[in-house]
Ligand SMILES: CC(C)(COP(=O)(O)OP(=O)(O)OC[C@H]1O[C@@H](n2cnc3c(N)ncnc32)[C@H](O)[C@@H]1OP(=O)(O)O)[C@@H](O)C(=O)NCCC(=O)NCCSC(=O)CCC(=O)c1ccccc1C(=O)O
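Right under this line is the structure:
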């Protein structure tokens, strides 16, 4: 897929996904969401990628949510090539990719942009970043992953964010637990890269199972299926599993006797 709205780069086992719509403060439209989904899936499929940094172009905004101008001009956020508006699929993909996703919040994280940062595994913010929900002011709401804020910052603050549509500084939301660390803007990407380097040196299978396990609480049967699949992939590589397949091909009864343990 040719990307027009995002950039996708891989270096040193780290994929960096950048929303590249600086003139609209990295607001997303249908095409942006489709490309982001494609890029996260590419990072998922690439065994050489151990972590993802998610950021926005320029130094003013991470992402300010849905492209309101596109909506006013065309009556929708603009459909993707496949005809679907896939923002929920994108949230699920960021949650599900079995590798740490680090949000590098380089400015405004507003509306759907705040939600995108919130669904990442960890978030590092530039000192000048600003956070907030604006849906009830501009005619939108995310009653899905938008309410995940409750788990990160508690119910009082999550409701405050949604019900009052204020903006909050990076330092404030760091205190609340919405971001892990605040750094000067000019060292944001260096800091995010250092975090990514640290995690790509760790056991990928341990990280995969941990992310799957964290997701069990929030992801329902879909998360359980991913957890089960991670286990299945290990089982598929085991001599026990191979005995089942080989026995089938050789038209004999499988002999699991040597594998009985635990
Ligand atoms: C972020 C601001 C507070 C920044 O203010 P300021 O520094 O003064 O800059 P501006 O001059 O306002 O902006 C510069 C430039 O960018 C354009 N722009 C800003 N925001 C957007 C936007 N969202 N879409 C399109 N363009 C934008 C702005 O017009 C300027 O352009 P010029 O050509 O220079 O005039 C401030 O910009 C601000 O408040 N922005 C609006 C934020 C907003 O309303 N975001 C949308 C929230 S709703 C949302 O995100 C939908 C989520 C969603 O889609 C969804 C999610 C989950 C389930 C379902 C859905 C769903 O289907 O809706």
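Numbering (the numbering used here), first residue to last: 3 to 264.
Where a beta carbon is used, it is the ideal one built from N, C-alpha and C, also for glycine.
Asked: Exposed or buried, which one is residue 1 when buried takes at least 16 other CB atoms within 10 Å?; Found: Residue 1 lies beyond the residue range present for the chain, which begins at 3 and ends at 264; the question has no answer from this structure.
Asked: Express the C-alpha separation of residue 187 and residue 58 in angstroms, rounding to a whole number.; Found: 13 Å
Asked: From the DSSP output, read off the bridge partner residues of residue 68.; Found: 30
Asked: What do you reckon, are the CB atoms on residue 131 and residue 184 nearer than 9 Å?; Found: yes
Asked: At the level of alpha carbons, what is the spacing between residue 76 and residue 68?; Found: 13 Å
Asked: Nearest-angstrom Cα distance between residue 182 and residue 89?; Found: 24 Å
Asked: Rank 61, 201, 168 by C-alpha distance to the C-alpha of residue 23 and give the top, closest one.; Found: 61
Asked: Go to residue 51, then tell me how far its alpha helix (DSSP H) extends in each direction, as first and last residue.; Found: Counting along the chain, residue 51 falls outside any alpha helix (DSSP H), and DSSP gives it neither H nor E.
Asked: Find out if the Cβ-Cβ distance for the pair residue 45, residue 17 is shorter than 9 Å.; Found: yes
Asked: Whole alpha helix (DSSP H) runs in the segment 183 to 250 with 4 or more residues, listed along the chain?; Found: 190 to 202, 206 to 238
Asked: Considering only their Cβ atoms, is the gap separating residue 65 from residue 39 smaller than 9 Å?; Found: no
Asked: When the distance is taken between beta carbons, is residue 201 closer than 9 Å to residue 236?; Found: no
Asked: Please state whether the Cβ-Cβ distance between residue 55 and residue 112 is less than 9 Å.; Found: no
Asked: Using the three-state DSSP reduction, which class does residue 99 fall into: helix, strand or coil?; Found: coil
Asked: Examine ligand 3 and report whether any of its heavy atoms sits within less than 8 Å of the Cβ of residue 95.; Found: This structure does not include ligand 3; its bound ligands are ligand 1.
Asked: Can you tell me whether residue 143 is helix, strand or coil according to DSSP?; Found: coil
Asked: Using a Cβ-Cβ cut-off of 7 Å (strictly less than) and excluding sequence neighbours within five positions of residue 229, which residues of its own chain qualify?; Found: 214, 215, 218
Asked: Between residue 72 and ligand 1, is there a pair consisting of the residue's CB and a ligand heavy atom that are separated by less than 8 Å?; Found: yes
Asked: Looking at C-alpha atoms only, which residue of 129, 136, 140, 117 is the closest neighbour of residue 153?; Found: 117
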